[in-house]
Amino acid sequence: MSNLALEFTAARLEQNMIEHYKRLKFERVPESVEFNDYKNSLNQELKQKLMSYFDDWRILMVACGGQHKFSFWVDAFYRAYSSVLLESGAPYFTMEGTTTASHYNDQASAHIDKILKRLNKLFKSASFLEQLQQHNQHYMKQIDKIRESYCAVSEIYPNAIDLKFELSLEGLHNQWIDISGWNNLLYHFQKQLRQLSWYNAQAVFTFYQVIRVDQRYIVKFFLTLDPLLYGEPSVYSREIDIWWKRVTQNRGISFCPLVDFQQYQHEDEYQLIIKRNTQDQVLDPLSALDEMPDRETSSEGLANRICVYPKGFKWFHGAPVRR
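Each residue of the sequence shown is one higher than the one before, counting from 15 in this note's numbering.
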């Protein structure tokens, strides 16, 4: 499996964990059904889902566990998985000696049963609920910190100009660059910007979000500029495009809604970008922050969530530009 395929496996696993937790904790047991029978039926439903892509998440656990960081719910699964491995004394689920499909399924089923036993124990604990709350509190503190920082800059630069850009990659490149590759591109792009004289003279705040869209990644990049020095928006659009293309070796596409709607409305490569930005009315960092999910662990925003990523990666970040 490619790294990108592993990342989408992680998103599928995240969804399965959220659904199971919600049903286990909040779903009402039907009348005339014993609680244990109902719990077993929930386990069987999750088990069937995990069986359907057993090899995919098994490879994900081996390839990314310890080397990358997981989102909250995938990490919970990884913790249960790791405890099963510790008990077995094996470094991973080897599936050795499975000479028939039936034998293979029996062994996979046994592994999943052990994981579910630990997972349910974890989900029902008070400590897990505390971890869940702390995770979301930390997430909201990050958002509040960026919001406060942006408002402080706005007091110094009233009427500051916000420009929004969508950064992506052309065609197949966007489908083959994994999140580690995107992390590297974004790092070098921002590093290049910090070396430009106009950026250091005019930019007062930057904010970005990295999200999954239609089996690919995009970056929403916001640039806030000193209104006293601000020029034509097309100039900044040109500059961002130049440096994004340079960092991506001419594979990059940048789109500025304020400037580029008319210019690219008839080009096939831009049709999805134009449609996406027509529907997205967020044009400044504050609006982007307001649109973010209230909790990072909820099903809200799951379609765009990044569930496995390199250590140190931030899917959103905002800060004043240092002089």
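Ideal placement from N, C-alpha and C gives every residue a C-beta, glycine not left out.
For residue i, three-class secondary structure by DSSP
| i | result |
| --- | --- |
| Arg336 | coil |
| His280 | Because the pLDDT of His280 is 48, which lies under 50, any placement of that residue in the model is unreliable, and the question is left without a value. |
| Phe114 | Per the sequence presented here, residue 114 reads as Thr, with Phe not at that position. Coil. |
| Val233 | strand |
| Ser211 | helix |
| Ile175 | strand |
| Val224 | strand |
| Ser268 | strand |
| Ala302 | helix |
| Ala124 | helix |
| Thr23 | helix |
Beta-carbon contacts of residue i that lie in its chain and below 8 Å, excluding the five residues immediately before and after
| i | result |
| --- | --- |
| Lys128 | Val98 and Glu101 |
| Lys316 | According to the sequence provided, residue 316 is Leu. The question's Lys does not apply to it. Same-chain partners within the cutoff: Ala25, Glu28, Gln29 and Ile32. |
| His331 | Ile160, Phe221 and Tyr222 |
| Arg337 | Asn214 |
| Leu210 | Glu253 and Trp257 |
| Cys78 | Leu20, Ala24, Phe84 and Val322 |
| Leu243 | Ala215 and Gln216 |
Inter-residue spacing [alpha-carbon to alpha-carbon] between residue i and residue j
| i | j | result |
| --- | --- | --- |
| Leu237 | Ile267 | 17 Å |
| Val296 | Pro44 | 43 Å |
| Gln147 | Leu183 | 36 Å |
| His202 | Val261 | 7 Å |
| Leu64 | Gln81 | 23 Å |
| Pro324 | Glu48 | 44 Å |
| Phe179 | Val273 | 10 Å |
| Trp258 | Val249 | 14 Å |
| Glu162 | Asn197 | 25 Å |
| Glu246 | Gln216 | 13 Å |
| Val227 | Gln263 | 22 Å |
| Ile73 | Ala302 | 35 Å |
| Thr309 | Thr114 | As written in the sequence, residue 309 is Arg, which differs from the Thr given in the question. Answer to the nearest angstrom: the Cα atoms are 44 Å apart. |
| Met75 | Ala104 | 13 Å |
| Leu143 | Phe40 | 13 Å |
Cβ-Cβ separation, residue j to residue i (assumed contact under 8 Å), whole Å
| i | j | result |
| --- | --- | --- |
| Pro241 | Asn173 | 5 Å |
| Phe219 | Val335 | 6 Å |
| Trp329 | Val224 | 5 Å |
| Asp176 | Pro299 | 7 Å |
Own chain partners of residue i with C-beta closer than 6 Å, once the 5 adjacent residues on each side are dropped
| i | result |
| --- | --- |
| Leu18 | Asp192 |
| Phe84 | Tyr92 and Val322 |
| Tyr213 | Leu207 |
| Ser313 | Ile32 |
| His280 | Note that His280 scores a pLDDT of 48, beneath 50, so its modelled location is shaky and nothing firm can be said. |
| Ser251 | Cys270 and Val273 |
| Ser153 | Checking the displayed sequence, the identity of residue 153 turns out to be Tyr instead of Ser. Here the set comprises Glu310. |
Close beta carbons around residue i, own chain, < 7 Å, minus the five adjacent residues each side
| i | result |
| --- | --- |
| Leu181 | Ile232, Val233, Phe235, Trp258, Gly266 and Ser268 |
| Arg132 | Ala94, Ser97 and Val98 |
| Tyr35 | Phe137 |
| Ser168 | Ala174 |
| Tyr171 | Val218, Asp240 and Pro241 |
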